[in-house]
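First to last, the protein sequences are chains V and A. Per numbering that gives the first Met the number 0, residue 0 is the first one in the first sequence, and the count goes up by one each step. Per numbering that gives the first Met the number 0, residue 0 is the first one in the second sequence, and the count goes up by one each step. To start, the structure under review is shown below, and the notes come after it.
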Amino acid sequence: MPSTVIIECLTGVNGTPQTITNHRFNLGDTPVPGLTNPLRVPTSGTADSWWCSHRAKYSGAYTELSDFKLSSSGSIAAAWALGTGGMVRIGTKLTGDSGCPDGSYQQAAGSTSPLTGYALDDVANGHAYYNNPETDLVDNFDNYPAANPLLIDSGPYGPNVTGHTKHWCLQCRYGSDAAPGDRVTQTVTLTWAEI
Amino acid sequence: MNGFPTPLTRYWIKQWPNGKVTPQFKPDTAEEVLWGDKNSGMTGLRFVPFSPKFAEKIREKGVLAIPSSLPSVDIPLDPSETVRVRRLQALTQGSCYLCHNCKSMFDWQEPTPPYPACPKCGTVNHWYCDVHGQIDDPIFFDREEENGRTVTEARCPICSDPHGLVRSTDLEIVDRPPEFRVKYNVQVPGAEIEFDETNIKVLRSCLTNTTPTS
Numbered sequence: 000m001p002s003t004v005i006i007e008c009l010t011g012v013n014g015t016p017q018t019i020t021n022h023r024f025n026l027g028d029t030p031v032p033g034l035t036n037p038l039r040v041p042t043s044g045t046a047d048s049w050w051c052s053h054r055a056k057y058s059g060a061y062t063e064l065s066d067f068k069l070s071s072s073g074s075i076a077a078a079w080a081l082g083t084g085g086m087v088r089i090g091t092k093l094t095g096d097s098g099c100p101d102g103s104y105q106q107a108a109g110s111t112s113p114l115t116g117y118a119l120d121d122v123a124n125g126h127a128y129y130n131n132p133e134t135d136l137v138d139n140f141d142n143y144p145a146a147n148p149l150l151i152d153s154g155p156y157g158p159n160v161t162g163h164t165k166h167w168c169l170q171c172r173y174g175s176d177a178a179p180g181d182r183v184t185q186t187v188t189l190t191w192a193e194i
Numbered sequence: 000m001n002g003f004p005t006p007l008t009r010y011w012i013k014q015w016p017n018g019k020v021t022p023q024f025k026p027d028t029a030e031e032v033l034w035g036d037k038n039s040g041m042t043g044l045r046f047v048p049f050s051p052k053f054a055e056k057i058r059e060k061g062v063l064a065i066p067s068s069l070p071s072v073d074i075p076l077d078p079s080e081t082v083r084v085r086r087l088q089a090l091t092q093g094s095c096y097l098c099h100n101c102k103s104m105f106d107w108q109e110p111t112p113p114y115p116a117c118p119k120c121g122t123v124n125h126w127y128c129d130v131h132g133q134i135d136d137p138i139f140f141d142r143e144e145e146n147g148r149t150v151t152e153a154r155c156p157i158c159s160d161p162h163g164l165v166r167s168t169d170l171e172i173v174d175r176p177p178e179f180r181v182k183y184n185v186q187v188p189g190a191e192i193e194f195d196e197t198n199i200k201v202l203r204s205c206l207t208n209t210t211p212t213s
């Protein structure tokens, strides 16, 4: 049978995986936050959600899986009206796969004063796999629409192996002029090559 | 959740010089033959849609075969040629609103508040006070919790003492049913063939870098 692919969210100190079908950006480290720890519009500047770490888990009978890529609608910032400087950000590497290997997983965190998650690329408190400006770029996820998806994991994997890809890290940045309230639901697309 | 197997819209048939063929699914048992590492020595490669009966037989094996009347794609090959075949899968996930009044699911496309409304029946979520009923102009009040976090409460503007409101859940955010798309990509010397449910496209590498002359 062809592969079966599901999406997992990693949380906790060791990156415990849990299957998800959507994600709500929040100020906590939980795979299914519901309405807890909602984002708070800052009084000035910008603030960030806690980052999330997601990956694809694959299984089934196949010869090879490769080239896992992630894309957005390309217009999340506009649709969400995140204010000045607002966008959904994703950790990328300047060369090669942009996904983060298991060994470099890092639990999300943030501060209460100011109330914000740590920026992925913050030199002091950011994600160690994505906060070196010489090799990394935390980019606007809108720059990766379907026509220009971000390479997460080139693989290849198989045959017939059950495993998971490298994980990708997303966070939401929002400005002090962002309007509070619910936002339009957005979709994320994962593509891969299979034979 | 165990996930969903990715769907198939066509199956491949390898054609050999001796006239024999290797189909992806055996006609009698519907058992799948993996592609393997044999990428040359063929005289042709076919991608054939599933008949309803064959698709049903394959689905009993746990493979999500989609029956259709899509055209077959026939690619003649020289046995000396090496072919690279990939099925490009796309999985789209997200969430959407479920209207508990009319049971329709919808995306809310307004970029900023006002709050979502069901495009089919007009249902919206309301704030309620257990004394004064529906409240259309609640007071939003920020309160700091012991852990330093700030939560926003909705309070009744009529009650003299601070009185919290409850929001209805007529519209609820739920998981969107996963959407799969399948596109095939076949690379042979000098050409690349891509096809899905709606298009068949042939890309010829010898033409990609040409410059028009006047």
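Cβ atoms here follow ideal geometry from the backbone N, Cα and C, with glycine treated the same way.
| Check | Outcome |
| --- | --- |
| For a test of the three-state rule: what should DSSP assign to Asp-101 (chain V), helix, strand or coil? | helix |
| What residues from the region 18-50 of chain A come within 9 angstroms of chain V, judged by C-beta to C-beta, listed N to C? | Glu-31, Leu-33, Trp-34, Gly-35, Asp-36 |
| Compile a chain-ordered list of the residues in the region 180-192 of chain V whose CB is closer than 9 angstroms to at least one CB of chain A. | Gly-180, Asp-181, Arg-182, Val-183, Thr-184, Gln-185, Thr-186, Val-187, Thr-188, Leu-189, Thr-190, Trp-191, Ala-192 |
| Quick one: Cα of Gly-33 (chain V) to Cα of Arg-23 (chain V), how far? | 7 angstroms |
| Quick one: what does DSSP say Ala-76 (chain V) is sitting in, helix, strand or coil? | helix |
| Is there a C-beta anywhere in chain A that falls below 9 angstroms from the one on Gln-160 (chain V)? | In the sequence on display, residue 160 (chain V) carries Val and not Gln. Chain A contact via Cβ: absent. |
| Pick out whichever of A:Leu-69, A:Glu-55, A:Arg-142 has its Cα sitting closest to the Cα of Phe-46 (chain A). | A:Leu-69 |
| For Val-87 (chain V), decide whether its Cβ has a neighbour in chain A, counting only Cβ atoms nearer than 9 angstroms. | no |
| Counting only the same chain and skipping the five closest in sequence on each side, list residues whose C-beta sits under 7 angstroms from that of Arg-175 (chain A). | Gln-92, Gly-93, Ser-94, Cys-95 |
| Start and end of the beta strand (DSSP E) containing Phe-53 (chain A)? | Per DSSP, Phe-53 (chain A) belongs to no beta strand (DSSP E); it is in the alpha helix (DSSP H), 51-58. |
| State yes or no: is the C-beta of Ser-103 (chain A) within less than 9 angstroms of the C-beta of Pro-115 (chain A)? | no |
| Give me, in chain order, the residues of the same chain whose beta-carbon lies closer than 6 angstroms to that of Ser-58 (chain V); leave out the 5 immediate sequence neighbours on both sides. | Thr-3, Thr-161 |
| Tell me which residues of the region 86-103 of chain A have at least one Cβ-Cβ distance to chain V shorter than 8 angstroms, keeping chain order. | Arg-86, Leu-87, Gln-88, Ala-89, Leu-90, Thr-91, Gln-92, Gly-93, Ser-94, Cys-95, Tyr-96 |
| Just mark Asn-147 (chain V) as buried or exposed, buried being the case when its beta carbon has 16 or more other beta carbons within 10 Å. | exposed |
| By a C-beta neighbour count over all protein chains shown, 10 Å radius and 16 as the cutoff for buried, is Glu-31 (chain A) buried or exposed? | buried |
| Using only the alpha-carbon positions, how far apart do Thr-188 (chain V) and Ser-71 (chain V) sit? | 6 angstroms |
| I need the straight-line Cα distance from Pro-48 (chain A) to Lys-68 (chain V), nearest angstrom please. | 27 angstroms |
| With distance defined between alpha-carbon atoms, name the residue in A:Arg-180, A:Leu-202, A:Pro-177 nearest to Pro-188 (chain A). | A:Leu-202 |
| Using the three-state DSSP reduction, which class does Glu-120 (chain A) fall into: helix, strand or coil? | The sequence given here has Cys at residue 120 (chain A), not Glu. Looking at Cys-120 (chain A) - three-state DSSP - the assignment turns out to be coil, as it is neither helix nor strand. |
| Exposed or buried, what is Gly-18 (chain A) when buried is set at 16 or more other beta-carbons lying within 10 Å of its beta-carbon? | exposed |
| Could you tell me the alpha carbon to alpha carbon distance between Ile-194 (chain V) and Arg-58 (chain A), rounded to whole angstroms? | 19 angstroms |
| Mind checking Val-84 (chain A): buried by the 16 CB within 10 Å criterion, or exposed? | buried |
| Just mark Phe-24 (chain A) as buried or exposed, buried being the case when its beta carbon has 16 or more other beta carbons within 10 Å. | buried |
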